[in-house]
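The opening residue of the sequence shown carries number 1035 in my numbering; numbering runs sequentially from there.
Glycine included, each C-beta is placed from N, C-alpha and C at the ideal position.
One structure below.
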Amino acid sequence: MQDNDLNLLINAAQQAGEIAKSMHGTKMNKWEKAEGQGPVSAADIAVNSMLEDQLRNARPQYGWLSEESEDCIDRLQCKSVFIIDPIDGTSSYIKGLDTWALSLAVSTKGKITAAVIYLPMHNLLYSACHKTKSKLNGVPIHASNRKKINGAFALTNAGSMDSAYWKEQSPPDIIRVYRPSMAYRMALIAEGRFDTMFTIYPSWEWDIAAGDLILRKAGAKVTNKRGRLLTFNNKYPKLHGVISANPKLHKALIQQMIY
1035 MQDNDLNLLI NAAQQAGEIA KSMHGTKMNK WEKAEGQGPV SAADIAVNSM
1085 LEDQLRNARP QYGWLSEESE DCIDRLQCKS VFIIDPIDGT SSYIKGLDTW
1135 ALSLAVSTKG KITAAVIYLP MHNLLYSACH KTKSKLNGVP IHASNRKKIN
1185 GAFALTNAGS MDSAYWKEQS PPDIIRVYRP SMAYRMALIA EGRFDTMFTI
1235 YPSWEWDIAA GDLILRKAGA KVTNKRGRLL TFNNKYPKLH GVISANPKLH
1285 KALIQQMIY
């Protein structure tokens, strides 16, 4: 069954993308989550409901972890778990912008074994599973081969470039670019359009689960900011930042960062 998980995720992402597109740019209910966790919209809830219904009916023995579902501790007893962000980049979605994504993954014994990142507005579908290389719309992709930090194109937030997080008096000469969806940022590194994506801030599992596998299957290394490999379906589903790049650039970043 695990070998069919990727097809299941692809089909579900495409159907969910149609729901998200149909509501994009329309007036809808939206509100702020508690404790400053950001906005949520009626579209987030509609996409999440569709995905939960379809995926859990297809794999009733799998656990469920989603940004828009109440967390159920029962998932910790499951060998495999769906890890879902129905709309990653909700702020952009609400504003009518197009750089938001759907992020779907399956974790098996703490490791991601199937993953999809889908940008419906651009018809871009990134995918990978434990047995195949990463692909964009069915075509294999590979991370960049850049070795040096200086001059690297990085997808990161401004805070992660603060000199307090780097061993030198000022951060390296990195060309910083930003995308609001973390899942999309990770997919762009896997595609080789940028050299590295990193954040020093704690990161929710649903933001990075799909990107973890897609990056690794594209030849990149993905760790937390301490250089440790990521594991998923944790009791508290938040990880200690993310650093991703090809192995040589990743090593150079880890050596220069203060964690």
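Supposed contact pair residue j and residue i - C-beta distance, whole angstroms, cut 8 Å
i	j	result
Thr1147	Asp1039	7 Å
Tyr1152	Ala1177	20 Å between Cβ atoms; not a contact.
Ile1292	Lys1201	6 Å
Val1081	Tyr1096	So it is not a contact: roughly 18 Å between Cβ atoms.
Ala1046	Ala1149	Wrong, their Cβ atoms sit about 12 Å apart, outside the cutoff.
Arg1109	Asn1267	6 Å
Ile1234	Gly1261	The pair is not a contact, with the Cβ atoms about 13 Å apart (cut-off 8 Å).
Leu1170	Thr1230	About 18 Å separates the two Cβ atoms, so there is no contact after all.
Gly1059	Gly1172	The pair is not a contact, with the Cβ atoms about 28 Å apart (cut-off 8 Å).
Ile1208	Ala1192	About 12 Å; that fails the 8 Å criterion.
Leu1043	Leu1138	5 Å
Ile1121	Ala1054	6 Å
Lys1181	Leu1099	Not really, about 36 Å apart at Cβ, beyond 8 Å.
First through last residue of the beta strand (DSSP E) which encompasses residue i
i	result
Ser1126	No beta strand (DSSP E) contains Ser1126, which is instead part of the alpha helix (DSSP H) from 1124-1128.
Arg1210	1209-1211
Ile1183	Here Ile1183 belongs to no beta strand (DSSP E), and DSSP marks it neither H nor E.
Tyr1152	1145-1153
Lys1169	1166-1170
Ala1162	1158-1163
Thr1190	Note, Thr1190: premise wrong, no beta strand (DSSP E); not H, not E.
Ala1269	What sits at residue 1269 in the sequence shown is Lys, not Ala. From DSSP, Lys1269 is part of no beta strand (DSSP E); its letter is neither H nor E.
Lys1259	Unbroken run through Lys1259: none, as it is neither H nor E.
Beta-carbon proximity list for residue i, same chain, < 7 Å, skipping 5 on both sides
i	result
Pro1205	Met1195, Ser1197
Ser1103	Asn1082, Glu1086
Lys1113	Thr1142, Lys1143
Arg1210	Ala1188, Thr1190, Met1195
Thr1133	Gly1123, Ser1126, Arg1213, Pro1214, Ser1215, Tyr1218
Ala1254	Ala1177, Ile1223, Ala1224, Ser1278, Ala1279, Asn1280
Met1079	First, the residue type needs correcting, since residue 1079 is Ile and not Met in the sequence shown. For Ile1079, where only same-chain residues beyond five positions count, the Cβ hits under 7 Å are Glu1102.
His1156	Asp1132
Glu1052	none
Lys1259	Ile1234, His1274, Gly1275, Ile1277, Met1291, Tyr1293
Asn1179	Asn1280
Proximal residues to residue i (C-beta, below 6 Å), its chain only, five neighbours per side dropped
i	result
Ser1168	Ala1162, Ile1175, Ala1224, Ile1248, Lys1251, Ala1252
Lys1101	Here residue 1101 is Glu; the residue named in the question, Lys, does not match the sequence. Here the set comprises Asp1119, Trp1240.
Lys1272	Pro1236, Trp1238
Lys1076	Reading off the sequence shown, one finds Ala at residue 1076, where the question assumed Lys. These residues qualify, in order along the chain: Met1062, Asn1063.
Ile1183	Pro1206, Ala1286
Ala1050	Val1081, Met1084, Leu1085, Leu1136
Met1057	Ala1077
His1164	Thr1147
Start-to-end residues for the alpha helix (DSSP H) that takes in residue i
i	result
Leu1283	1281-1290
Other residues of its chain near residue i: CB distance less than 8 Å, five sequence neighbours each side excluded
i	result
Leu1263	Val1256, Thr1257
Lys1028	Limits of the chain in this structure are 1035 at one end and 1293 at the other, which puts residue 1028 out of reach.
Gln1203	Ser1197
Gln1111	Gly1097
Thr1166	Leu1040, Lys1251
Thr1265	Gly1144, Lys1145
Tyr1270	none
Any C-beta of chain D under 8 Å from that of residue i
i	result
Ala1244	Chain labels in this structure do not include chain D; a single protein chain is all it has.
Practice item. Within the region 1058-1139, note down every full alpha helix (DSSP H) run reaching 4 residues or more, in order along the chain. Key: 1076-1092, 1124-1128
**Study point:** Secondary structure, beta strand (DSSP E): runs of 3+ residues fully inside the region 1217-1252
**Key:** 1230-1233
Check your understanding: Are at least three pairs of beta-carbons, each pair with one atom in the region 1277-1284 and one in the region 1222-1242, less than 8 Å apart?
Key -> yes
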